[in-house]
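Structure first, commentary second.
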């Protein structure tokens, strides 16, 4: 009897196939678990928004079926006027934020601006400030009569027309846009970094100057990335509740998110109308998300990564260097330094009159002595930490399935995980509220964690997915060929290499959770109070100094988490070789 040995060339293929076969059953189990988790996290709450809009009782949708709320929302000219105002605010915000972000991205990617690393942090610094706390700070700076800047202008004898009023529609757009500038910067800078330098070099060789090259070569090449940024910011701004609720009150500006909140907090509360309005926001966001994905696909046609692009020649600013640095310092002053200075002055002074400032710690002591602050602080730490860990775990497993296993339905699974991008936070909270009403989870911290995990799952999935893309699959396959299971290969090979992505995702989700108001505003109870809701309640009660103190505590908490996450997840000696 003759036994034929396999060819040496076929042996590795056989080993890989055997390794894949060993992991097939655990892989199917993982996919099944993820399908169930994403169904309860994302699909069902979103479905309950539509069910609640069509029934008086979502637990008995057929017997309480009604189109009254849908007729009241979709058939009302007043509501469509609100939709128009909401879209005007959101689109304008997207355009302004993207224009500023793209200009900053061009300066950082193309010029020899000094202190580049420092100014890159300055550009994204607004991400660390809650949009509501930022709006509160701008209110302290630019309120018509009591704003610090307006008081300084009057003290200096400047004409009245130079004063500002942040409680107008125009300033609302500007303040929101300043918050979203880092998003525009990050979305556009990637295309600029990956763009083939030969396109711009050819333009310079043909005699075109820096400005002409930027307008005729660079701008057309990144226009789809800019369009994607505009759409992304527009979608996010459409669901913004806290800032318009604070700054739009004087002008009686009520975008859809504020209208949803008033429907649920009026007397009597009309949850069916709130859900019907929510379906309008979902449909608008779905269209925007489709355009956003289309823009991303189009942008890839105009961006090329070549070896030559890595040795890009920087544009020498010359004497303009000082003007550019001055503009970057002005940006830091407007978006970070002045807001935090205003918060500190407001927190440590009882008077709003600049001539009667009497620095005191009494406001801080009063806030720290309030029992609700301790409750809010403990709850915020628990909810934010739990949300960060659970979101990153689910996002990591989802990215692993879609990027490594690539089964037939992986695209659909990824789409479900990214779906919350199209559902504004306050609308998703409406679905979560309807889904868990009457269950033991209602009124607990768990329901808030569930809502937050679903809301920020797209961010964690995208960050961890990028991490998987950067790791060659041959490392994992080699481990599998040596007999390791999928779980062991992921634990010993992938996770150590994924530490930077995991750290980034944990930091990002925690920061977003600490400052989130849009989702929590419909789900909290006195026992589940959070710092973000406490600051909103203080501001609603005209207790702005107390709101400022809570805002500073939020910032301190975020800084502590960043330091801890970077310390615990920094590359250590055991994984240095990896």
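Numbering (the UniProt record's numbering), first residue to last: 1 to 578.
Every residue, glycine too, gets a C-beta built ideally from N, C-alpha and C.
Treat the numbers as computed from the prediction; the structure is a model and nothing was measured.
- For residue 393, the closest alpha carbon among the candidates 499, 288, 519 and 380 is that of 499.
- Taking each of 238, 379, 524 and 315 in turn and checking the Cα distance to residue 213, the smallest one comes out for 315.
- Inter-residue distance for residue 117 and residue 495 is about 28 Å (C-alpha atoms, whole angstroms).
- Around the C-beta of residue 322, fewer than 16 other C-beta atoms lie within 10 Å, and the residue is accordingly described as exposed.
- No residue range can be given for residue 75, since it is assigned to no alpha helix (DSSP H) and is classified by DSSP as neither H nor E.
- Here residue 315 is bridged, per DSSP, to 111.
- Taking the Cβ atoms as the reference, residue 518 lies roughly 18 Å from residue 87, outside the contact range of under 8 Å.
- By the neighbour-count definition (other C-beta atoms within 10 Å, threshold 16), residue 115 is an exposed residue.
- Scanning its chain for C-beta atoms nearer than 6 Å, with the 5 sequence neighbours on each side dropped, one finds around residue 513 the residues 384, 387 and 452, in chain order.
- The continuous alpha helix (DSSP H) containing residue 332 extends over residues 320-332.
- Between the beta-carbon of residue 354 and that of residue 152 there is about 7 Å, and that keeps the pair under the 8 Å contact cut.
- Separation of the CB atoms of residue 317 and residue 527 is rounded to 56 Å, and the pair is thereby denied contact status at 8 Å.
- Within a 10 Å sphere around the beta-carbon of residue 271 sit 16 or more other beta-carbons, which makes this residue buried.
- Bridge partners of residue 65 according to DSSP: 55.
- Taking residue 165 as reference, the option from 186, 139, 185 and 178 with the minimal CA-CA separation is 139.
- The C-beta distance from residue 532 to residue 367 rounds to 15 Å, too long to meet the 8 Å contact threshold.
- Residues 247 and 250 of the same chain have their beta carbon placed closer than 6 Å to that of residue 167, with the five preceding and five following residues left out of the count.
- Residue pairing for residue 359: DSSP places it in a beta bridge opposite 349.
- For residue 525 and residue 445, the gap between their C-alpha atoms comes out near 9 Å.
- Three or more Cβ pairs drawn from the segment 536-556 and the segment 367-379 lie within less than 8 Å of each other, which places the two stretches in contact.
- Approximately 6 Å separates the beta-carbon atoms of residue 66 and residue 55; this is inside 8 Å, confirming the contact.
- Excluding the 5 residues flanking it on each side, residue 551 has same chain C-beta neighbours closer than 6 Å at 133, 343 and 535, in chain order.
- Taking the Cβ atoms as the reference, residue 229 lies roughly 7 Å from residue 101, within the contact range of under 8 Å.
- No Cβ-Cβ contact shorter than 8 Å links residue 126 with residue 37.
- Around residue 147, the same chain offers 141 as residues with beta carbons nearer than 6 Å, after the five sequence neighbours per side are excluded.
- C-alpha of residue 106 to C-alpha of residue 189: approximately 7 Å in a straight line.
- For residue 120, the secondary structure class from DSSP, reduced to helix, strand or coil, is helix.
- Per DSSP, the unbroken alpha helix (DSSP H) holding residue 245 starts and ends at 242-247.
- The beta carbons of residue 70 and residue 276 sit closer together than 8 Å.
- Ranked by Cα distance from residue 380, the first of 31, 529, 183 and 542 is 529.
- Residue 89 is classed as buried because its beta carbon has at least 16 other beta carbons within 10 Å across all chains shown.
- Contact between residue 504 and residue 463 holds: their C-beta atoms lie close to 6 Å from each other, under 8 Å.
- Residue state for residue 498 is assigned as coil, using DSSP reduced to three classes.
- Of all alpha-carbon atoms in 429, 324, 521 and 351, the one lying nearest the alpha-carbon of residue 110 is that of 324.
- Setting aside the 5 residues that flank it on each side, residue 45 is surrounded in the same chain by 428, 431, 432, 435 and 454, each with a C-beta closer than 7 Å to its C-beta; the list follows chain order.
- The DSSP-derived three-state label of residue 147 is coil.
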